[in-house]
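Chemist: What follows is a structure written as structure tokens; I'll ask about it next.
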Amino acid sequence: MQPKHLNYLAGYPESIQQQAQKLISSGKLAEWFAHRYGQQSHSVQNDKALYEYAMTLKERFMKHAAPLSRVQFDNKLNLVQQALGLNTQIARIQGGKLKAKNEIRIASLFKQTPDAFLRMIVVHELAHLKVKAHDRAFYQLCQHMEPDYHQLEFDLRLYLIWKETTVSPEK
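Numbering-wise, the sequence shown is residues 1 to 171 according to UniProt numbering.
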């Protein structure tokens with residue numbers, strides 16, 4: 001039976017999972033992240049900055065996609081819900097019309113991750129404006145916006161394992 005934290009890698013081949021387990025067991029995962037991402041940090045620390053960050057990507061890659069009314073960090077999103085970001089469409093009645101507004105919520109843990117991970121999750125949620133399902137077209141759109149999308153998604157999964165295995169029990 002595999003350790004619980006390797007559930008993040010459940011869809012990957014056994015050989016990849018074994019390599020990840022060796023990296024974790026050796027205690028070198030933090031060193032690997034430091035080497036791969038350095039001390040990169042980003043300045044996106046509030047909802048206004050996140051909105052601007054997302055809109056910059058949207059304008060560059062998805063000018064004709066549905067408009068976004070809100071992009072914000074969400075403290076309630078967590079790994080228990082298996083959600084790092086959400087793309088929702090809120091229907092509201094305004095006057096005599098029903099209007100739909102698209103909102104993106106990004107888990108607050110992305111305030112503390114390397115910029116590449118924030119970009120990957122924002123790209124993921126933006127892609128849902130055009131393609132709702134996680135299918136081939138969806139991942140092609142993600143790769144169009146972020147060519148290293150698949151590697152970043154894998155690295156993010158390792159990052160989550162690293163964070164989960166290094167958190168002290170009293171937290």
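Idealized CB from N, CA, C, for every residue including glycine. Since we're looking at a predicted model, the values are computed, not measured.
So, does the segment 154-165 touch the segment 24-35, judging by three or more C-beta pairs under 8 angstroms?
Modeler: Between the segment 154-165 and the segment 24-35 there are three or more inter-stretch CB-CB distances shorter than 8 angstroms, so the stretches are counted as touching.
Chemist: What does DSSP give as the partner residue(s) for N7 in the beta ladder?
Modeler: In DSSP, N7 forms no bridge with anything.
Chemist: Return the chain-ordered list of same chain residues with a C-beta closer than 6 angstroms to the C-beta of V71, the five sequence neighbours on each side being excluded.
Modeler: L50, Y51, A54, I104
Chemist: Can the beta-carbon of L126 be found less than 7 angstroms from the beta-carbon of K58?
Modeler: yes
Chemist: Would you call D135 buried or exposed, if buried means 16 or more other Cβ atoms sit within 10 Å of its Cβ?
Modeler: exposed
Chemist: Where does I90 land, buried or exposed, given buried means 16+ other C-beta within 10 angstroms?
Modeler: exposed
Chemist: What are the complete beta strand (DSSP E) segments, minimum 3 residues, inside the segment 20-81?
Modeler: Fully enclosed beta strand (DSSP E) runs of no fewer than 3 residues occupy 68-74 of the segment 20-81, in order along the chain.
Chemist: For A107, count neighbouring C-beta atoms within 10 Å of its own C-beta (all shown protein chains included) and say buried if the count is 16 or more, exposed if not.
Modeler: buried
Chemist: Since G85 sits in a beta bridge, which residues does DSSP pair it with?
Modeler: I106
Chemist: By Cβ distance, which residues of its chain are closer than 6 angstroms to A100, with the 5 residues on each side in sequence left out?
Modeler: Q89, A91
Chemist: Between R157 and Q94, what straight-line distance do the alpha-carbon atoms span, to the nearest angstrom?
Modeler: Take the alpha-carbon of R157 and the one of Q94: they are about 41 angstroms apart.
Chemist: Quick check on the burial criterion: 16 or more other C-beta atoms within 10 angstroms. Buried or exposed for R60?
Modeler: Classification of R60: exposed, given that the 10 Å Cβ count is below 16.
Chemist: Kindly list the residues whose CB is nearer than 7 angstroms to the CB of V131, restricted to its own chain and excluding five residues on each side of it in sequence; keep chain order.
Modeler: A137, F138, L141
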